[in-house]
Every structure is written in C-alpha cells, then in structure tokens.
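Beneath this line is the structure, given in structure tokens, with notes to follow.
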Amino acid sequence: MTTPALSVRNLRVSVGSGESEVEILRGVDFDVRRGEILGIAGESGSGKTMAMRAVLGLLPHGARATGSAVLDGRDLVGLSQSELRTIRGRHIGMVFQDPTTSLHPMLRIGRQLTDHMRKHLGLRRAEAERRALDLLDDVRLPDPEQAMGRYPHQFSGGMRQRIAIAAALACNPTLIVADEPTTALDVTVQAGVLALLRRLCDEHGTSIVMITHDLGVLSELCDRVSVFYSGSVIESGSTRDVMDHARHPYTRALLDALPDQGLDDLRPMVPIAGTAPSAADRPAGCAFHPRCRFATVPCQTDPPGPRATGPDGAEPHTFSCTVDPFELRSVVR
Ligand SMILES: Nc1ncnc2c1ncn2[C@@H]1O[C@H](COP(=O)(O)OP(=O)(O)O)[C@@H](O)[C@H]1O
Ligand code: SF4
Ligand SMILES: [Mg+2]
C-alpha cells in the first residue's frame with residue numbers, strides 16, 4: 009500500500025500549564041490516504057478543528073502540540089512558522105465554513121488567485137492568469153473571465169465557496185482541509201459544493217480531510233471516517249462500515265439522532281442525552297460514560313483502549329469501548 013498523504017500519530021494539544029493545564033486532544037491517530045476523502049465527525053467541541061489547527065501550525069496562542077503529523081514524509085509538528093507558512097500555501101489548501109475567511113475582501117478574485125500562484129509556484133503573470141481561469145472553470149464558476157475582475161462580496165455564498173476551493177487548489181496541494189465548508193450554505197447549494205469536492209478528489213487525486221458535525225454530509229461524501237469525542241478518536245473505519253455497523257455507543261447515538269432515517273428504517277429520532285463535557289472537566293474513565301446507556305461500573309474509572317472489529321483482511325474498523333459489539337448490536341437493533 010502506498011504511504012498515506014498525511015499520517016497523524018499520538019497528536020496531543022494542551023493549553024495552560026501546571027495545575028491548570030488542560031488536554032484538549034488526547035493522543036489522536038488517523039491517516040488520510042492518497043486521493044481519498046477522510047471525514048472527521050463529532051459534536052461541537054470534540055476537537056475536530058483543533059486537530060487540524062495542530063497539523064497546520066495554526067494553534068491558538070498558548071496551545072502546544074506534541075506527537076507527529078507526517079505529510080509527504082515530513083513531520084509538521086515542531087516546524088517553524090515560516091516553514092509552516094510555505095507548507096500551508098503550497099502543499100495544503102484550506103477551505104473554511106465562512107469563505108470570507110480565506111478570501112481577501114478588498115482584492116479582485118483574479119489577483120488573489122494569481123498572487124498565490126506567482127508566490128508559491130513562481131509562475132509569470134500570464135501563466136498564472138491562464139491557470140486561474142482554468143481553476144475557476146474547474147470549480148464550475150459561471151463566466152470565469154468576468155469573475156476574475158470582481159470582488160468576493162459580488163458573489164453568493166455558494167459561489168464564494170467555489171472560489172475558495174479554487175484558491176485552495178491553486179498550487180495543486182497534496183491535501184485540502186475543509187472545515188465545515190457547507191455548514192453555512194443552504195441544502196441545494198451544499199449538494200453542489202459536495203459534488204464538486206468529490207469530483208476534484210477523483211480527478212486530481214487530491215486527498216481531502218472533511219471536518220463536519222453532519223453525518224448526512226459524511227455518509228454522502230467520505231470514503232472513511234474518524235469519529236471524535238472529547239479529544240479522542242472513538243471509532244474509525246470505512247464510512248459504510250461505520251454507518252451500517254457502528255460499534256461505539258456514541259456513534260450509534262449520533263446515528264439514532266439523525267432526523268432522516270430513510271423509509272425502510274422509521275425509528276424515531278433519539279437525541280443524545282446530556283451534553284459533551286468540556287476538556288477542563290472531562291469525566292474519568294470513558295469520557296462518554298455519563299451519557300452512555302451501556303455504561304458499567306468499570307467505565308467510570310477505566311479508559312477503554314481501541315479494539316478492532318470486522319473480518320481479517322477487510323478495511324480496519326476500530327472502536328474504543330469495553331462493551332461486546334455483538335451484545336451492543338442486539339440491544340440497540
Ligand atoms: N482558543 C482556544 N483556547 C483554548 N481552548 C480552546 C480554544 N479553541 C477551542 N478550545 C477548546 O478546544 C476544544 C475543542 O474545540 P474545537 O476543536 O474547536 O472543537 P470542534 O471543532 O470539534 O467543534 C473545546 O473544548 C474548546 O473549548
Ligand atoms: S466504555 Fe462504557 S461508557 Fe464508554 S462507550 Fe463503552 S459502554 Fe459506554
Ligand atoms: Mg470546529
């Protein structure tokens with residue numbers, strides 16, 4: 009198997025020091041393979057954004073990362089800010105929930121795209137302009153020629169997100185990190201942007217990390233998924249496996265909370281009881297135990313390690329829970 013585009017191991021992020029030190033990420037592992045879309049899912053506050061900020065070297069002031077995040081053979085954890093700036097511009101593209109975050113409001117679209125390529129790829133103006141037009145065409149922006157001369161505010165939210173995706177693709181990066189890129193868009197526009205990401209991934213072989221709290225988006229788009237809970241990955245595997253045979257009670261609870269279960273599965277929507285703990289007052293043992301309907305006494309003290317499920321030789325499917333998966337399956341279904 010070829011080496012993954014990005015391999016993250018034992019990634020930890022903490023803030024504060026001494027008695028007030030808080031561990032936000034608690035040793036996270038995941039791989040993003042070449043040309044695949046990895047979904048990172050979980051409720052708000054579970055550490056999805058922080059994980060990618062650690063990889064990108066964009067941690068908030070006072071936060072520290074340890075562990076490794078190897079992109080194309082190079083560990084990004086511990087690189088200097090100037091090295092990370094080059095990596096972010098050239099090897100990793102970023103797309104955020106709000107496209108205005110990645111686009112400069114006062115610069116014309118053409119200038120934003122061409123400046124980026126001239127700086128990182130050393131292209132001459134005419135070459136960069138040609139490539140910018142191709143990129144805008146590639147993300148299906150109507151009339152790329154005219155769009156080059158316009159400002160971000162002259163486009164709708166969906167079109168701005170397409171432009172942000174074009175900017176992320178400009179230097180042909182190994183990886184695109186998309187953090188809730190469709191959350192602010194309405195459903196029909198969202199479907200178009202998701203289809204665009206899928207096509208770009210397939211046609212360009214770009215790897216994508218898709219951060220989302222929306223399991224619907226995840227099931228539609230992602231090849232594999234890592235589910236986060238309170239700073240840890242609690243389940244990971246192929247999207248189909250995780251959706252169809254979720255092993256962790258938290259993943260099952262997320263799936264049960266989905267409003268649209270399809271016509272062949274008309275279970276009522278069951279919201280997850282309680283709220284996710286903050287990193288500062290995370291419960292001992294399994295962090296999910298106060299909300300878990302399967303919790304036993306040991307869950308209050310013993311943090312469960314990851315275990316594998318599924319047939320040998322199949323895509324690895326791991327989950328961190330002490331409950332017997334078959335037992336869980338028969339109780340829930
Ligand atoms: N700037 C910050 N300083 C300290 N803690 C933060 C900061 N930003 C986020 N956090 C904490 O880190 C945890 C994970 O946040 P985040 O990664 O943004 O979650 P998600 O993206 O999954 O919604 C939360 O508990 C949040 O309170
Ligand atoms: S380890 Fe215990 S509390 Fe945690 S998810 Fe499994 S059964 Fe629930
Ligand atoms: Mg987030």
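If you're matching positions, the sequence shown starts at 9 in our numbering and goes up one per residue. Yeah, the Cβ is synthetic: ideal placement off N, Cα and C, and Gly gets one too.
In three-state terms, what does DSSP make of residue i?
i: V21; result: strand
i: M218; result: strand
i: S28; result: helix
i: T94; result: helix
i: T283; result: coil
i: R82; result: strand
i: S246; result: strand
i: H297; result: helix
i: R119; result: helix
i: T304; result: coil
i: V195; result: helix
i: A59; result: helix
i: S76; result: strand
i: T330; result: coil
i: R341; result: Confidence at R341 is low in this model, with a pLDDT of 39, below 50, so its placement is unreliable and the value that follows should be read with caution. In the structure shown, R341 sits in coil (DSSP, three-state: anything other than H, G, I, E or B).
i: A288; result: helix
i: Q105; result: coil
i: S227; result: helix
i: M251; result: helix
i: H112; result: coil
i: V278; result: coil
i: D310; result: coil
i: H124; result: helix
i: G53; result: coil
Per DSSP, residue i is paired with what?
i: I100; result: L183
i: I48; result: I219, S234
i: V36; result: L19
i: H325; result: T317
i: L14; result: V40, L79
i: V241; result: F236
i: A71; result: V23
How long is the line joining the alpha carbons of residue i and residue j, rounded to whole angstroms?
i: I173; j: V103; result: 6 Å
i: I45; j: R232; result: 7 Å
i: C307; j: H256; result: 13 Å
i: P324; j: L266; result: 25 Å
i: R119; j: M125; result: 10 Å
i: T330; j: M58; result: 27 Å
i: V217; j: L183; result: 8 Å
i: L129; j: P181; result: 11 Å
i: Y258; j: D264; result: 10 Å
i: A316; j: I242; result: 12 Å
i: A295; j: I280; result: 14 Å
i: N18; j: G70; result: 20 Å
i: L223; j: V235; result: 10 Å
i: L229; j: G245; result: 14 Å
i: D146; j: R170; result: 10 Å
i: G50; j: D151; result: 38 Å
i: V36; j: R116; result: 39 Å
i: V40; j: A77; result: 11 Å
i: F38; j: A292; result: 24 Å
i: R148; j: P285; result: 42 Å
i: D106; j: H212; result: 24 Å
i: R168; j: T108; result: 8 Å
Going by the C-beta, is residue i closer than 8 Å to any heavy atom of ligand 4?
i: R168; result: This structure lacks ligand 4; its bound ligands are ligand 1, ligand 2 and ligand 3.
**Asked** Taking contact to mean at least 3 C-beta pairs separated by less than 8 Å, is the segment 61-81 in contact with the segment 248-268?
**Response** no
**Item:** Cβ contact check for the segment 157-164 and the segment 176-183: 3 or more pairs under 8 Å
**Value:** no
**Message:** With three or more C-beta pairs closer than 8 Å as the rule, is the segment 191-200 touching the segment 130-143?
**Reply:** no
**Request:** Ignoring anything shorter than 3 residues or poking outside the segment 126-187, list the beta strand (DSSP E) runs there in chain order.
**Result:** 183-187
**Prompt:** Do the segment 11-29 and the segment 70-85 touch if we need at least three Cβ pairs shorter than 8 Å?
**Reply:** yes
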